[in-house]
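Letter 216 of the sequence shown, counting from 1, is numbered 216 in full-length UniProt numbering, and no numbers are missing.
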Amino acid sequence: MTRVFSGIKPTGHLTLGNYLGAVRQWAAVDQHRAESLFCVVDLHALTVEHDPARVRRLSRQAATLLLAAGLDPRVCTLFVQSHVDEHTRLAYLLECTAADGEMRRMVQYKEKAAREQRRGGSVRLSLLTYPVLMAADILAYGADEVPVGDDQAQHVELTRDLAVRFNHRYGPVFTVPRAVLPQVAARVMNLQDPGSKMGKSEDTGPGIVYLLDEPEVVRRKVLRAVTDSGQDVAYDPQERPGVANLLEILAACTGRAPQDLAAGYDSYGALKKDTAEAVVEELRPLRERHAELVADPGYVDGVLREGAERARALARPTVDAAYRAIGL
Ligand code: ADP
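This is the structure we're talking about:
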């Protein structure tokens, strides 16, 4: 059976980008068609300036939201990265096969390192090695597929390179995984700045729709989205990124193609209104289920405890085999 692994960082509140680009697919499709593992990758949240209590709180919130989005612990494994030591054990071995230059070429590293420097902070070494830990997350489980948004495609490519290199040099230990991107909304853009992605780690503000935003807040953010000075509605991500972003969001919520949707509108106002309502409806069941789960913290604890046990049992044989193959 195909094995799927994916993760989410507790670096901020989950966004509509996380949901449409990744989480929705995990819940609606992946967990039912494959043996799936989904992970709150809390170690990755330590790669930039962080507040310990906030990381702990956000990890729990992320796990709760994943359950609210429909992950079913009877058919998939949901766990927290730091509960399973195999990730860091394997990351070190992979660091011994990865090159410094290859890490420095990662687009996300360059962007995030520049941001840390602009803020006057220092760049943590773990920010540079982050993609190696991500490779360990994936390779420890022998995952065949990694469903992610477009922004993570380069890291999955690197994971493939590291797996192939290790297998070639030390013996066939790892499955070589591939990224699986969603058809639409693979990169949801910031509503106020359609040149950059809607990321929870980037900043906060009116351009980002959070999954737990009240319906009124969602409406306000979508209605105030930046478009452009044109009048007619056309799907053109290069020339009109703001309008294309709204069309992609609406397409993802309605199951229709963005080009077809564009043909049905002759004003930005109507497009924004429909998009706002579609997002509110899309998020409604998730918000309701989240409220129920928050009232039952013992349930979430139990799911995460069991998930970590299952994950550990799956990862250990592969990681042990990697230790033997590399000469330990
Ligand atoms: P973030 O960048 O918001 O901190 P993560 O790195 O935790 O997100 O990624 C969790 C998942 O959400 C990944 O599969 C990532 O590709 C996806 N994702 C993040 N932002 C977006 C976005 N704006 N559009 C589509 N998918 C996204």
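All C-beta atoms, glycine included, are put in the ideal place defined by N, C-alpha and C.
- Its chain contains 248, 251 and 252 as the residues whose beta carbon lies nearer than 6 Å to that of residue 184, once the 5 sequence neighbours on both sides are disregarded; these appear in chain order.
- Your pair residue 17 and residue 38 does not check out as a contact, with CB atoms roughly 17 Å apart and the cut at 8 Å.
- In this structure, the alpha-carbon of residue 48 lies about 12 Å from that of residue 129.
- Here residue 92 is exposed: its Cβ has fewer than 16 other Cβ atoms, across all protein chains shown, within 10 Å.
- A buried status is given to residue 76, since no fewer than 16 other beta-carbon atoms sit within 10 Å of its beta-carbon.
- Residue pairing from DSSP places residue 4 in a beta bridge opposite 36 and 145.
- Annotated three-state conformation of residue 76 is strand, per DSSP.
- The DSSP-derived three-state label of residue 310 is helix.
- Remark: the shortest separation between the CB of residue 8 and any heavy atom of the ligand ADP falls under 7 Å.
- Rounded to whole angstroms, the separation of the alpha carbons of residue 211 and residue 283 is 7 Å.
- Excluding the 5 residues flanking it on each side, residue 27 has same chain C-beta neighbours closer than 6 Å at 69, 70 and 71, in chain order.
- Residues 189, 194 and 195 of the same chain have their beta carbon placed closer than 7 Å to that of residue 241, with the five preceding and five following residues left out of the count.
- Residue environment: residue 110 is assigned as exposed (fewer than 16 neighbouring CB atoms within 10 Å of its CB, all protein chains considered).
- As computed with DSSP, residue 189 is found in a beta bridge with 197.
- Between residue 133 and residue 82, the C-beta spacing is not below 8 Å.
- Between residue 186 and residue 315, the CB-CB gap reaches or exceeds 8 Å.
- One thing to note: residue 243 has its Cβ no nearer than 8 Å to the Cβ of residue 260.
- Distance from the CA of residue 200 to the CA of residue 11, rounded to the nearest whole angstrom, comes to 7 Å.
- With distances taken between CA atoms, residue 220 lies nearest to 275 out of 275, 254 and 147.
- Taking 7 Å as the cut-off, the C-beta of residue 18 counts as close to a heavy atom of the ligand ADP.
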